[in-house]
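Working notes, beginning with the structure itself.
There are 2 protein chains.
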Amino acid sequence: MTQQRTASLTDLPGEFSFIRRCFAGLAGPAALDLRDDAALFTPPQGRELVMAADAMVENVHFLSSDPPDTIGGKLLRCNLSDLAAMGARPEGWLLTLARPPHITDAWFEAFSRGLKADQERFGLTLMGGDTTSTKGPLVLSLTIIGSVIPGQAIQRRGAQAGDGLWVTGTIGDGALGLQALLGKLADPDGVLARRYHTPEPRIGLPLYGLASAAMDVSDGLVQDAGHLARENGLTVTIRAADVPLSHAARATGQTWRETCLTGGDDYEILMAIPPEHEPALLKSGCVQTPHGPVTLTRIGAFSAPDHGQSGVQVIDEEGVPVAFSRGGWSHL
Amino acid sequence: MTQQRTASLTDLPGEFSFIRRCFAGLAGPAALDLRDDAALFTPPQGRELVMAADAMVENVHFLSSDPPDTIGGKLLRCNLSDLAAMGARPEGWLLTLARPPHITDAWFEAFSRGLKADQERFGLTLMGGDTTSTKGPLVLSLTIIGSVIPGQAIQRRGAQAGDGLWVTGTIGDGALGLQALLGKLADPDGVLARRYHTPEPRIGLPLYGLASAAMDVSDGLVQDAGHLARENGLTVTIRAADVPLSHAARATGQTWRETCLTGGDDYEILMAIPPEHEPALLKSGCVQTPHGPVTLTRIGAFSAPDHGQSGVQVIDEEGVPVAFSRGGWSHL
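From first to last, the protein sequence lines are chains X and G. Just so you know, we're using our numbering here: the first sequence kicks off at 1 and counts up by one. Just so you know, we're using our numbering here: the second sequence kicks off at 333 and counts up by one.
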């Protein structure tokens with residue numbers, strides 16, 4: 001022990017002032033001002049909790065050049081999409097980050113602003129987290145907590161042969177947006193890039209009593225539909241021509257159709273809907289949510305597995321199977 | 333769309349078989365077999381939830397050469413220590429990992445074995461998570477969920493002037509263990525290295541009705557005692573000679589005393605204990621937990637802030653203030 005600077009021990013170390021500056025403004029009551037070892041959360045009475053965790057890595061899930069406020073917002077929105085897929089209401093979130101030296105405090109202040117706007121919009125608050133340093137890329141990991149009335153969570157299992165395959169919103173804009181940001185595609189109005197940066201989680205989608213199974217589309221429509229089919233031991237057939245595309249996606253032309261169907265980053269909800277609920281939906285074409293009406297489109301149907309093999313097939317307007325050069329994203 | 337390999341779409345992508353192989357054996361009922369977008373957890377009736385998240389980065393928090401089973405176990409144990417500090421019971425955990433190419437499947441299988449042994453020992457199961465790739469170091473992020481009887485969580489705030497400062501177990505072994513692993517220190521029996529690899533979270537420590545405030549020691553005794561003092565607007569004085577050291581730590585000699593007091597990686601619990609509870613504790617020197625008896629040592633006391641400045645001071649046997657070359661770890 002040397003005789004030096006006791007005074008420094010009463011100063012706040014850098015990590016703590018960083019947390020206070022960038023994250024204290026996001027903290028809700030469970031967070032105990034982000035000063036404790038853990039958050040203290042009273043679960044809403046008579047509800048089950050729904051929990052998911054997603055990590056995002058610099059230059060894998062976002063570009064270093066992306067606006068930092070959209071990165072914070074996107075991380076939260078991707079996790080919100082997992083809650084939406086089960087019909088859950090958001091309650092709170094925890095964040096860990098591994099911070100490399102090239103990410104500045106100003107970057108984190110903008111990152112935090114994006115998170116603040118989105119947590120206010122979707123009605124949840126920060127509960128806790130951890131910050132650490134790394135010599136590698138920025139790694140962000142978000143755990144989200146939601147809740148649902150017991151027994152009303154919609155899962156991936158539950159689809160039956162004969163159920164229709166439905167999807168919210170439009171497919172492919174996120175994947176095209178990434179290509180636009182990489183300079184491979186024109187995006188005159190920036191619509192596609194916006195959809196890549198700011199997906200719209202379908203929070204409040206009234207799945208209970210409507211869908212027999214659901215999941216969110218994050219790794220590409222075709223791959224994710226395959227997961228949904230396999231979880232239920234079924235085949236699902238997607239009619240490519242029925243997949244809803246935005247005006248901006250249509251304008252990119254036929255060459256980009258495969259990207260739309262397999263590209264990922266949609267964060268729309270894929271549902272199995274029993275036949276008895278389909279006529280009303282086919283008529284209205286949408287459902288109401290607290291965040292506005294959401295269009296629903298029937299893009300195919302579930303059937304008994306083809307030769308005992310469950311999975312996905314895509315057909316064209318003549319019913320001829322379509323194949324793809326790749327199925328979707330696998331993160332490993 | 334090209335005419336190629338529809339068959340591949342019915343195969344399990346690599347990410348999914350990896351999760352099944354390495355993590356399905358850890359999953360509890362809330363995890364829905366790790367096949368869904370989120371976990372579904374029924375909170376234990378009449379209890380509050382306690383939640384914490386911690387990240388560990390390769391070559392910051394662990395060495396690439398550390399046995400992978402101890403890395404999994406340590407990550408879980410560090411998070412369990414956050415629950416222990418509030419007097420909470422473990423319920424479940426979520427994990428995200430950013431995986432670089434140099435970390436093999438065999439590595440993750442051993443990592444998972446360490447987690448399995450420890451989750452069984454401490455009575456919790458895996459609820460969910462996410463895996464992704466990175467070109468940087470391995471980053472692991474764990475969110476832990478615990479529960480406590482409402483109103484019985486012990487927080488950092490609550491200490492009063494006159495309370496004693498107490499600590500569980502022994503201090504410094506983890507920090508010395510790291511130095512031993514770095515080859516800077518002899519550790520003939522490997523006791524110190526074991527304490528670095530496998531900290532002992534003080535789950536089940538009966539804090540309620542005993543401590544007025546508590547936290548776990550992760551960033552060094554002196555720095556963390558400073559946090560506890562500042563959170564309460566008090567000064568805390570540590571008597572260096574009273575800090576409990578293991579035989580192995582004592583054997584390293586006086587040169588390593590500063591490392592013990594400031595090094596971190598202890599995962600012992602630091603408590604403020606009101607004077608009325610102290611005589612019984614001074615007599616018994618330990619408390620019972622479901623994982624065996626835990627020694628408690630009085631190492632100092634809280635007092636009104638010195639010249640209005642709250643914080644920590646360390647004194648020697650003559651009451652003379654001792655200073656250190658550094659206060660503790662800050663992760664940023």
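Where a beta carbon is used, it is the ideal one built from N, C-alpha and C, also for glycine. Just so it is clear, the structure is predicted and the values come from calculations on it, not from any experiment.
| Check | Outcome |
| --- | --- |
| How close, in whole Å, do the beta carbons of M675 of chain G and V480 of chain G come, if the pair is a contact with beta carbons under 8 Å? | Absent from the structure is residue 675 of chain G, since the part of chain G shown begins at 333 and ends at 664. |
| I need the straight-line Cα distance from A655 of chain G to G490 of chain G, nearest angstrom please. | 27 Å |
| Would you mind telling me which residues of chain X sit closer than 8 Å to F373 of chain G, beta carbon to beta carbon, in chain order? | E48, L49, V50 and M51 |
| Just list the residues that DSSP pairs M388 of chain G with in beta bridges. | G:L472 |
| Can you confirm whether S17 of chain X, when its beta carbon is compared against all beta carbons of chain G, has any partner nearer than 7 Å? | no |
| Between the C-alpha atoms of W588 of chain G and G515 of chain G, what's the straight-line distance to the nearest angstrom? | 14 Å |
| So that I know if they touch, is there some Cβ in chain X lying closer than 7 Å to that of Q451 of chain G? | no |
| Relative to the C-alpha of S65 of chain X, which candidate in X:E268, X:L181 and X:Q309 has its C-alpha closest? | X:L181 |
| Helix, strand or coil, according to DSSP, for F656 of chain G in the structure here? | coil |
| On the DSSP bridge list, what partners appear for P422 of chain G? | G:G478 |
| How far does the beta strand (DSSP E) with D130 of chain X in it extend, from its first residue to its last? | T125 to S133 |
| Looking only at C-alpha atoms, which of X:Q45, X:W93 and X:D37 sits nearest to L55 of chain X? | The sequence shown places Ala at residue 55 of chain X, rather than the Leu named in the question. Closest by alpha carbon: X:W93. |
| Could you give the residue range of the alpha helix (DSSP H) that holds Q119 of chain X? | D105 to F122 |
| On the three-pair Cβ rule with 8 Å, is the region 58-72 of chain X touching the region 125-143 of chain X? | yes |
| For a test of the three-state rule: what should DSSP assign to V312 of chain X, helix, strand or coil? | strand |
| G651 of chain G CB to nearest chain X CB: under 7 Å? | no |
| Hey, Q223 of chain X and T262 of chain X are a contact pair by Cβ (cut 8 Å); roughly how many whole angstroms apart? | 7 Å |
| What in chain X is Cβ-close to G461 of chain G, meaning under 7 Å? | A53 |
| Kindly say whether A308 of chain X, judged by its beta-carbon, lies nearer than 7 Å to any beta-carbon of chain G. | Residue identity differs from the one stated: residue 308 of chain X is Gly in this sequence, not Ala. Output row for G308 of chain X: interface = no. |
| Kindly indicate the opening and closing residues of the beta strand (DSSP E) around E268 of chain X. | E268 to I273 |
| Could you name the residues of the region 481-492 of chain G whose beta carbon sits closer than 8 Å to any beta carbon of chain X, in the order they occur along the chain? | P482, A485, Q487, R488 and R489 |
| On the three-state DSSP scale, how would you describe R298 of chain X? | strand |
| Mind checking which residues open and close the beta strand (DSSP E) that includes F62 of chain X? | It is not in any beta strand (DSSP E) - F62 of chain X carries neither H nor E in the DSSP assignment. |
| If I'm right that R298 of chain X touches M215 of chain X with Cβ under 8 Å, what's the distance once you round it to whole angstroms? | Actually they do not touch by this definition, with Cβ atoms about 17 Å apart. |
| Would you report the Cα separation of G455 of chain G and P531 of chain G, rounded to the nearest angstrom? | 17 Å |
| Could you check the C-alpha separation between R352 of chain G and V314 of chain X for me, to the nearest Å? | 27 Å |
| Quick one: what does DSSP say G624 of chain G is sitting in, helix, strand or coil? | strand |
| So, T259 of chain X versus D306 of chain X, is the Cβ gap smaller than 7 Å? | no |
| Quick one: which chain X residues come within Cβ less than 7 Å of D369 of chain G? | A52, D82, A85, M86, M215 and D216 |
| Check the Cβ of P137 of chain X against every Cβ in chain G and list those closer than 7 Å, keeping chain order. | T466, K467 and G468 |
| Under a Cβ-count criterion, where at least 16 other Cβ atoms within 10 Å of its own Cβ denotes burial, should K135 of chain X be classed as buried or exposed? | exposed |
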